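S.K.:
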Amino acid sequence: MTKAGTDRYYRCMMNASTSAVLNYLIPTGERPIYIASQGGADAALKIGAEFEEKRVTINDARALAPQASLDVQGFELVKHHTQVSDFYELSAVQDEYEAEIVALVLSATGASDAIVFDHTLRSDSPDVRGQRSTRETASVIHNDYTDASARQRLIDLVGEELAEPRLQRRFAIINVWRSIRGTVLTSPLACCDASSISPQDLVASERRAKERIGELELVSFNPEHRWYYFPKMTFAEALLLKTYDSSLAGHARCAIHSAFKNPLAPAGAPPRESLESRLLVFY
Numbered sequence: 011m012t013k014a015g016t017d018r019y020y021r022c023m024m025n026a027s028t029s030a031v032l033n034y035l036i037p038t039g040e041r042p043i044y045i046a047s048q049g050g051a052d053a054a055l056k057i058g059a060e061f062e063e064k065r066v067t068i069n070d071a072r073a074l075a076p077q078a079s080l081d082v083q084g085f086e087l088v089k090h091h092t093q094v095s096d097f098y099e100l101s102a103v104q105d106e107y108e109a110e111i112v113a114l115v116l117s118a119t120g121a122s123d124a125i126v127f128d129h130t131l132r133s134d135s136p137d138v139r140g141q142r143s144t145r146e147t148a149s150v151i152h153n154d155y156t157d158a159s160a161r162q163r164l165i166d167l168v169g170e171e172l173a174e175p176r177l178q179r180r181f182a183i184i185n186v187w188r189s190i191r192g193t194v195l196t197s198p199l200a201c202c203d204a205s206s207i208s209p210q211d212l213v214a215s216e217r218r219a220k221e222r223i224g225e226l227e228l229v230s231f232n233p234e235h236r237w238y239y240f241p242k243m244t245f246a247e248a249l250l251l252k253t254y255d256s257s258l259a260g261h262a263r264c265a266i267h268s269a270f271k272n273p274l275a276p277a278g279a280p281p282r283e284s285l286e287s288r289l290l291v292f293y
């Protein structure tokens, strides 16, 4: 058997595809309102909208050949050996970590510059959230930005004068998502292949947070959606997730995503503890 054949054989033998329930928006014609939580044991999604549960196949993205990429599927797994040992004390080494992930994203995308602008800690355990004041896992299908809110986010972060020339060129928003403690077994992140998404599936929704009001996209059901996840993500890996791309030249523009209850997680598996960091990326 050739090496390529051997690789395909072992990917097949190790395949961890599964079936799970995801929460889709039921469109009613009214604008949904998403209220961001403040973190803590009682942190929970609060959305003024109706949802329906749909059981879907969530494929093992590690078995994809060629591998998933930001410009095709809208998501990509990369190795990343961070120097940070305790992400609950990130503020002490934030500059160093941000330099790490800027270098990581620039290498993966070929972009010329990037700015880190947000870090969000999450857990599916109320106990962990209570101890750490972190937020819940995001368990409805969504995308973080609309075209309007992505452009406004750029303006808000760098100011109108600096934003104007950057708005005339390609820019993107990419999340760096990682485990901060152990292997991810419960509540992994499901990502949808961007090429299987129709614009009609995406519903612009108001997002209200303590500091500002913005927009995100919730998602209505489409049986053509192709879902993937990376089983057993480790501390030495990072998932790059594109939540916006201004390019209209055929690049994936976003990858809708959601946490899901993993039926393959062993009984008593430790809770998911994760960090997502958002970057403005300039080409």
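Add 10 to the 1-based position in the sequence shown for the working numbering, that's all there is to it.
Glycine residues also receive a C-beta, built at the ideal position from the N, C-alpha and C atoms.
Since the structure is predicted, the reported quantities are computational estimates derived from the model, not experimental observations.
Quick check: what's the CA-CA separation for Phe97 versus Ser189?
M.R.: Reading the sequence shown from its first residue, position 87 is the one you call residue 97. Reading the sequence shown from its first residue, position 179 is the one you call residue 189. So the alpha carbons of these two residues sit roughly 10 Å apart.
S.K.: Report the rounded CA-to-CA distance for Arg282 versus Val194, giving the unit in angstroms.
M.R.: Residue 282 sits at position 272 when you count from the first residue of the sequence shown. Residue 194 sits at position 184 when you count from the first residue of the sequence shown. Approximately 6 Å, taken between the alpha carbons.
S.K.: Along the chain, where does the alpha helix (DSSP H) that runs through Glu106 open and close?
M.R.: Here residue 106 refers to the residue found at position 96 when the sequence shown is read from its first residue. Counting along the chain, the alpha helix (DSSP H) containing Glu106 begins and ends at Gln104 to Thr119.
S.K.: Output the distance between the C-alpha atoms of Glu216 and Leu249, rounded to the nearest integer angstrom.
M.R.: Translated into the one-based positions of the sequence shown, residue 216 becomes position 206. Translated into the one-based positions of the sequence shown, residue 249 becomes position 239. Spanning the two alpha carbons is a distance of roughly 26 Å.
S.K.: Considering only residues of the same chain and omitting the five flanking positions on each side of Ile36, which have a CB-CB separation below 8 Å?
M.R.: Residue numbering aside, residue 36 sits at position 26 when the sequence shown is read from its first letter. Correct list, in chain order: Ala59, Glu60, Phe61, Glu62 and Ser230.
S.K.: Leaving aside the five residues before and after Leu32 along the sequence, list all residues of the same chain whose C-beta is less than 7 Å from its C-beta, in chain order.
M.R.: Along the sequence shown, one-based indexing puts residue 32 at 22. Cβ neighbours of Leu32 beyond the five flanking positions: Lys64, Val66, Ile151, Ala200, Ser268 and Phe270.
S.K.: Quick test of your reading: Cys264 and Asn153, contact by CB under 8 Å. State the CB separation rounded to the nearest angstrom.
M.R.: By 1-based counting over the sequence shown, the position of residue 264 is 254. By 1-based counting over the sequence shown, the position of residue 153 is 143. That pair is a contact at about 5 Å.
S.K.: Reducing DSSP to helix, strand and coil, say where Gly192 ends up.
M.R.: Counting from one through the sequence shown, the residue named residue 192 turns up at place 182. Three-state result, Gly192: coil.
S.K.: Would you say the stretch 34 to 51 touches the stretch 217 to 237, given that touching needs at least three Cβ pairs under 8 Å?
M.R.: Yes: at least three Cβ pairs fall under 8 Å.
S.K.: Measure the C-alpha to C-alpha separation of Val112 and Asp52 and round it to an integer number of angstroms.
M.R.: Residue numbering aside, residue 112 sits at position 102 when the sequence shown is read from its first letter. Residue numbering aside, residue 52 sits at position 42 when the sequence shown is read from its first letter. Distance between the alpha carbons of Val112 and Asp52 is about 33 Å.
S.K.: Please confirm whether Leu226 and Leu131 have their CB atoms less than 7 Å apart.
M.R.: As a first step, residue 226 must be located in the sequence shown, where it is residue number 216. As a first step, residue 131 must be located in the sequence shown, where it is residue number 121. No. Outside cutoff.
S.K.: Buried or exposed for Asp203, please, with buried defined as at least 16 other CB atoms from any protein chain shown within 10 angstroms of its CB.
M.R.: Looking up residue 203 in the sequence shown gives position 193. Buried, because 16 or more other Cβ atoms sit within 10 Å of the Cβ of Asp203.
S.K.: Among Ser133, Ile125, Ala118 and Ser79, which has the Cα closest to the Cα of Leu55?
M.R.: To locate residue 55, count along the sequence shown from 1; it is residue 45. Ranking the options by Cα distance to Leu55, first place goes to Ser133.
S.K.: For Ile223, which option in Ala158, Asp255, Trp237 and Gln178 has the closest C-alpha, if you only look at C-alpha atoms?
M.R.: One-based indexing of the sequence shown puts residue 223 at position 213. The option with the nearest alpha carbon to Ile223 is Ala158.
S.K.: Let me know the beta strand (DSSP E) ranges lying completely inside the stretch 216 to 241, each 3 residues or longer, listed in chain order.
M.R.: You should have 223 to 229 and 237 to 239.
S.K.: Could you give the first and the last residue of the continuous alpha helix (DSSP H) run that contains Glu171?
M.R.: In the sequence shown, counting from the first residue as 1, residue 171 sits at position 161. Run containing Glu171: Glu170 to Leu177, per the alpha helix (DSSP H) assignment.
S.K.: With DSSP collapsed to three states, give me the class of Met11.
M.R.: Along the sequence shown, one-based indexing puts residue 11 at 1. The predicted position of Met11 is uncertain, since its pLDDT is 41 and thus under 50; a value taken from the coordinates is nonetheless stated next. In the structure shown, Met11 sits in coil (DSSP, three-state: anything other than H, G, I, E or B).
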